[in-house]
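Asker:
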Amino acid sequence: MRKWIHPYRQQALDQLSFLEVSKGTFIKGSGDQALLPVYSPRLIQYMKKGDENVVPANLFYEGMVILLAADPNFESAGLYIRILGQEENLLQQLKESAAVIQETDAVVGASFAILILDLDPKDVSSLIYLLLRYHAEQMMGEVNAVLDELLTIDREKIETDDLELMAAFLIQKNRKEEAGSLFSYIDGQRKEEMSEEGRQIYQELLTEKSNRAMQQALNQQNFDGAVKIFTEIPQQNRTPLHYFYYGEAQQGLGHFPQSIVSLTKAMEGGIHKSDLYNDLAIAYYLSQQVEQAAEVVEEGLTHFSTDENLLYNGVVYSLQLEKEEKAKHYLKQLQKIEIKDGEIAASVEELSRYMKD
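When you read off a place in the sequence shown, starting at 1, and then add 669, the result is the number in our numbering.
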């Protein structure tokens, strides 16, 4: 059973014409007549240029390839296979023809690719060609199937450009670990051949992977692990999000000055998350810099006016700084929102009674 679907099956079949030809033209000793297929667009091109009474054999060979690729169960398929099978080095001839045809006609090109893969299932060029054609026709199941097949082939046998193309498709399919593995191989074995675009994509993958790893370590409260990941990232490749996670890790380890420096870098780099303002405020507070902590809270609330953590910390810091009016202002804002954190909700009730008295 054939593995690959013709992306232009109906179009291929619709554009075939059948001409009556003596079998002896192709099979020695046979005088019978047979209907052989030709690809109509190619036949028309030829007739415009040459002798319309003589059709060259190569057009029939091409027609048979197209028909067998589009409909291997066609009633005369056995005859066409017999004719093609007489050709010496058929596979090599198909590959040489495909290299020229695939640049000009997708219907014919896909036909040659499919027939080549019938004879050589691991032919990289044909698989890459089908990958592009399937993608163009939005045949996403087939795109994944071709990628799976390509990944079974020894990478040493695949050109660097094709490996990069495979990686790009894998990323598009959210198969980023496999894409990263391909880029890692290129970076390690063929670094000088990697394109600038490939380097950029690879770096983006590495950045995303390290960010994900740091976040996972923090979720597990593995602060030393998160710090280790950060230190292994080359300085020029560190992003604002890396600094944010690093600042959180340093805070978890009780290293508040380092946390302040890193979280500030994250903010300067364009990270604006309520967690960042909260963490930076807490780092200042635990470093006995309450005034700075209060300033960070105030700035954070200009962006996240209903964040319960910022509002609650605003109450606490304002009371420590003996700014009771500001503390009451934050408390009133807290009372207007639905508080999700149970501990904050209980503290707000207690503060409400205390400040009312």
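Glycine included, every Cβ here is placed at the ideal spot set by N, Cα and C.
All values derive from a computational prediction rather than experimental measurement.
Taking 8 Å as the threshold (C-beta atoms), are Leu832 and Ile797 in contact?
Answerer: Within the sequence shown, residue 797 is the residue found at index 128, counting from 1. Within the sequence shown, residue 832 is the residue found at index 163, counting from 1. No; because the gap between Cβ atoms is not below 8 Å, this pair is not in contact.
Asker: Starting from the Cα of Val734, find the closest Cα among Lys1009, Leu759 and Lys718 and give me that residue.
Answerer: The residue labelled residue 734 in the question sits at position 65 within the sequence shown. Per the Cα distances, Leu759.
Asker: State whether the segment 858-869 contacts the segment 887-898, with contact taken as three or more CB pairs (one from each stretch) at a distance under 8 Å.
Answerer: Judged by Cβ distances under 8 Å, the segment 858-869 makes no contact with the segment 887-898, as fewer than three pairs qualify.
Asker: Measuring alpha carbon to alpha carbon, tell me which residue in Lys791, Asp792 and Phe838 is nearest Val812.
Answerer: Mapped onto the sequence shown, residue 812 falls at position 143. Out of Lys791, Asp792 and Phe838, Phe838 has the C-alpha closest to the C-alpha of Val812.
Asker: Have a look at Phe973 and Asp817 and give me their C-alpha separation to the nearest angstrom.
Answerer: The residue given as residue 973 occupies position 304 in the sequence shown. The residue given as residue 817 occupies position 148 in the sequence shown. Rounded to whole angstroms, Phe973 to Asp817 spans 46 Å at the Cα level.
Asker: Could you pull the start and end residues of the alpha helix (DSSP H) that Glu818 belongs to?
Answerer: Along the sequence shown, one-based indexing puts residue 818 at 149. Start and end: Met809 to Leu820.
Asker: Rounded to whole angstroms, what's the CA-CA distance from Gly810 to Asp701? Just pull it up for me.
Answerer: As a position in the sequence shown, residue 810 is number 141, starting the count at 1. As a position in the sequence shown, residue 701 is number 32, starting the count at 1. Their Cα atoms are separated by approximately 44 Å.
Asker: Would Ile752 and Phe687 be called neighbours here (beta carbons separated by less than 8 Å)?
Answerer: The count along the sequence shown starts at 1 and reaches residue 752 at position 83. The count along the sequence shown starts at 1 and reaches residue 687 at position 18. It is not a contact, given that the beta carbons lie outside the stated cut-off.
Asker: Would you report the Cα separation of Met936 and Ser780, rounded to the nearest angstrom?
Answerer: Position 267 of the sequence shown, counted from the first residue, corresponds to residue 936. Position 111 of the sequence shown, counted from the first residue, corresponds to residue 780. Roughly 56 Å between the two C-alpha positions.
Asker: Run through the DSSP bridge pairs and tell me what Pro706 is partnered with.
Answerer: In the sequence shown, the residue the question calls residue 706 occupies position 37. According to DSSP, which records beta bridges pairwise, Pro706 is partnered with Phe687.
Asker: Of the residues Glu846, Ile855 and Gln807, which one's Cα is nearest the Cα of Thr829?
Answerer: As a first step, residue 829 is located in the sequence shown; it is residue number 160 there, counting from the start. Checking every option, the nearest Cα to that of Thr829 belongs to Ile855.
Asker: Which residues bound the alpha helix (DSSP H) around Ile770?
Answerer: Within the sequence shown, the letter at position 101 stands for residue 770. Leu759 to Ile770 is the extent of the alpha helix (DSSP H) around Ile770.
Asker: Using C-beta distances below 6 Å, list every residue in its chain close to Glu806, excluding the 5 sequence neighbours before and after it, in chain order.
Answerer: In the sequence shown, residue 806 corresponds to position 137, counting from 1. Cβ within range, chain order: Pro676.
Asker: Are Ala952 and Val966 close, meaning C-beta to C-beta below 8 Å?
Answerer: Numbered from its first residue, the sequence shown carries residue 952 at position 283. Numbered from its first residue, the sequence shown carries residue 966 at position 297. Contact flag unset, no.
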